[in-house]
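Read through the structure below, which is laid out as structure tokens, and then see the notes.
There are 4 protein chains.
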Amino acid sequence: MAIQVSVVGSGVEHEANAEEVGRLLAERGATVVTGGLGEVMAAAARGAKNAGGTTIGILPSETRDAVNEWIDHVVVTGIGHARNLAVVASGDAVIAVGGRYGTLAEIGLALTLGRPVVVLEPGWEVEGAQRARTPSEAVEFALAAARQTGLT
Amino acid sequence: MAIQVSVVGSGVEHEANAEEVGRLLAERGATVVTGGLGEVMAAAARGAKNAGGTTIGILPSETRDAVNEWIDHVVVTGIGHARNLAVVASGDAVIAVGGRYGTLAEIGLALTLGRPVVVLEPGWEVEGAQRARTPSEAVEFALAAARQTGLT
Amino acid sequence: MAIQVSVVGSGVEHEANAEEVGRLLAERGATVVTGGLGEVMAAAARGAKNAGGTTIGILPSETRDAVNEWIDHVVVTGIGHARNLAVVASGDAVIAVGGRYGTLAEIGLALTLGRPVVVLEPGWEVEGAQRARTPSEAVEFALAAARQTGLT
Amino acid sequence: MAIQVSVVGSGVEHEANAEEVGRLLAERGATVVTGGLGEVMAAAARGAKNAGGTTIGILPSETRDAVNEWIDHVVVTGIGHARNLAVVASGDAVIAVGGRYGTLAEIGLALTLGRPVVVLEPGWEVEGAQRARTPSEAVEFALAAARQTGLT
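Listed in order, the protein sequences are those of chains A, B, C and D. Residue numbers for the first sequence follow our numbering, so the first one is 10 and each next one is one higher. Residue numbers for the second sequence follow our numbering, so the first one is 10 and each next one is one higher. Residue numbers for the third sequence follow our numbering, so the first one is 10 and each next one is one higher. Residue numbers for the fourth sequence follow our numbering, so the first one is 10 and each next one is one higher.
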């Protein structure tokens, strides 16, 4: 089983960063887990796929209609925003790129479960989450933290 | 149906505040919704019951074994931390008293769903959540916001 | 805390039975837990309220818009059909009145969790669920089973 | 995205059938989705991996500790039995092999969501679920139904 890193967030202005994060994760052999929808989620998956990586999308809905086109494996949860818990719990580490309240909830849930969280600046400031200035730094921090937790 | 206010949080040092919040909500006729466990959750329910109020506890577990003794109506969800979504969604407004990452997640989920959130100081600083300096102020803000959203 | 009995099911042709079940449960002092929506859920709550009882509705949606008018305490879960787990887990016993696939899922989930299940005939035939011929019998069986499990 | 077929069930006596189902699905290019734990879930994944297929495991727990060794992609939901909804919702079709109450719940949830269900005999008899006498027949029925629903 490959290392899995969850990428969470939202905001069209953060898509370039998310795509770069996805690309770098794929190049390092990590599977990219996201919420399967648009903006940051789609950009991270696109970056990963363009680099030959593998992507998992965990949807809130009861169907897969809204899944973005860069998802290899789709999980249809039917549990709405409660699927945020599954998105972060499925990562050896979590990278937050932009995002609003849903992302804040994901950071809180990830830290509750003991998953390491990296926030790519700018983004939510939460004590206990590591901050990164660039996509490259975010990926380095996340992979280092993932190896330390030893989930995989 | 009475107005329902969810009280979230944790930390023994915040129990006195939580109990006062619960008491004031009950005196104003609001039902107190919590996660049904200890510390802030138990204190808020105790305050409400001692003032003759009504309490609902929404548990993460598959049994009611861990419910605190001041809960009138217990909801056993079996969905772990995903029950945080139900706790905040069930309130016309949400008051956060202390708390760590689980509370941060609840604030994020509440704001995602458009529920008004009041943070009793000290506590998480989140843009979009109103801040209150005293239990009395927190209850006033929450009830005013609840009436505005018009859920009930 | 009062004994809680969950009433699940659907089908307009079963509403009279559900209302009678709700009424009898309330007369015996049990709180009636349902999924909070229409048909059997509404009828059971109506029966309970008309007898002076207490009702809890556990909704699948993110708002309380769809709750029926006989619910005293509403739990808004936001988790869709996964709320069926909370409905049955919250009962000391479960009574199924009519119903289709959602009810079958609830019977399966209840038995998975060790909750006693009574099926009011006609209804799903599931090994492990007790069968009752009348609302009165269903309520007797459910209350007897609830006392044996000793949840309350 | 490949067709995804969910295999649900339990019982050591059904493992040979589950392994054959997993093998045949993989040979036909379908991804095998399971609950990620033991017995039928592990056997279906093992059959798929031995045939060069791809497997997804959707766990109830908050960690991946209990995942079986034949899972390629693990989804950690943290929502207990409510993850059954995600298991069946993620399949274009569902095959039930053996199983007890949890499987009955999964059949009910799948049919609620309109997912085609095939029960490999012996197994739960549920109106609306197709019955198959052999693993080969189960896989044929599931793939035919999956193409009809046109989810993929």
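Glycine included, every Cβ here is placed at the ideal spot set by N, Cα and C.
Residue 70 of chain A sits in coil when the DSSP states are folded into three classes, being neither helix nor strand.
Burial state of residue 43 of chain B is buried, judged by a 10 Å Cβ sphere holding 16 or more other Cβ atoms. Taking a contact to require three or more Cβ pairs closer than 8 Å, the segment 74 to 86 of chain B and the segment 136 to 152 of chain B do not qualify as touching.
Neighbourhood of residue 122 of chain C in chain B, by CB distance below 9 Å: 71, 72, 85 and 87, in chain order. Scanning the segment 83 to 120 of chain C for uninterrupted beta strand (DSSP E) segments of 3 residues or longer gives 102 to 107, listed from N- to C-terminal end.
Its Cα nearest to that of residue 67 of chain B, the residue B/97 stands out among B/59, B/97 and B/150. Chain B has no Cβ within less than 8 Å of the Cβ of residue 98 of chain D. Following the DSSP letters along the chain, one finds residue 138 of chain B in no alpha helix (DSSP H), marked with neither H nor E. For residue 90 of chain A, the residues of chain B that pass the 8 Å Cβ criterion are 94, 118, 121 and 122, in the order they occur in the chain.
Spanning the alpha carbons of residue 127 of chain B and residue 138 of chain B requires a straight line of approximately 6 Å. Taking C-beta atoms under 8 Å as the contact rule, residue 49 of chain B and residue 108 of chain B qualify, at a distance of about 7 Å. Residue pairing by DSSP leaves residue 46 of chain A without any beta bridge partner. Secondary structure note for residue 31 of chain C: its alpha helix (DSSP H) is the uninterrupted segment 24 to 36. The beta carbon of residue 158 of chain C is closer than 7 Å to those of 101 and 125 in its chain, skipping five residues each way along the sequence. In chain order, 82 make up the part of chain A whose C-beta sits under 7 Å from the C-beta of residue 40 of chain D. At a Cβ-Cβ threshold of 8 Å, residue 88 of chain A and residue 65 of chain C do not count as neighbours. Residue 31 of chain C is not a Cβ neighbour of residue 11 of chain C, given a cutoff of 8 Å. A check of alpha carbon separations from residue 16 of chain A across A/153, A/136, A/156 and A/129 identifies A/129 as the nearest.
Using beta-carbon distances, residue 135 of chain B counts as an interface residue toward chain A, with a partner under 8 Å.
The three-state secondary structure of residue 76 of chain D, taken from DSSP, is coil. Under the DSSP assignment, residue 122 of chain D falls outside any beta strand (DSSP E); it carries neither an H nor an E label.
Under DSSP, residue 129 of chain C forms a beta bridge with C/106 and C/141. The closest CA to that of residue 37 of chain C, considering only C/105, C/21, C/18 and C/57, is found on C/57. Judged by their CB atoms, residue 118 of chain A and residue 23 of chain B are not nearer to each other than the 8 Å cut-off. Look at residue 65 of chain A: its C-beta is under 8 Å from a C-beta on chain D.
DSSP places residue 21 of chain A outside any beta strand (DSSP E), giving it a letter other than H or E. Using beta-carbon distances, residue 47 of chain C does not count as an interface residue toward chain D, since no partner is under 8 Å. In this structure, DSSP gives residue 63 of chain A a state outside helix and strand, which the three-state scheme calls coil. The residues 85 and 87, in chain order, have a CB closer than 8 Å to that of residue 71 of chain D in the same chain once the five nearest residues on each side in sequence are set aside. About 5 Å separates the beta carbon of residue 151 of chain A from that of residue 104 of chain A, a gap short enough to meet the 8 Å contact definition. Residue 18 of chain A places its beta carbon 8 Å or farther from that of residue 76 of chain A.
The residue among A/46, A/55, A/73 and A/39 with its C-alpha nearest the C-alpha of residue 122 of chain D is A/73.
Residues of the same chain with a CB within less than 8 Å of the CB of residue 113 of chain C, apart from the 5 flanking positions on each side, are 133 and 135 in chain order. In this structure, the alpha-carbon of residue 93 of chain A lies about 25 Å from that of residue 79 of chain D.
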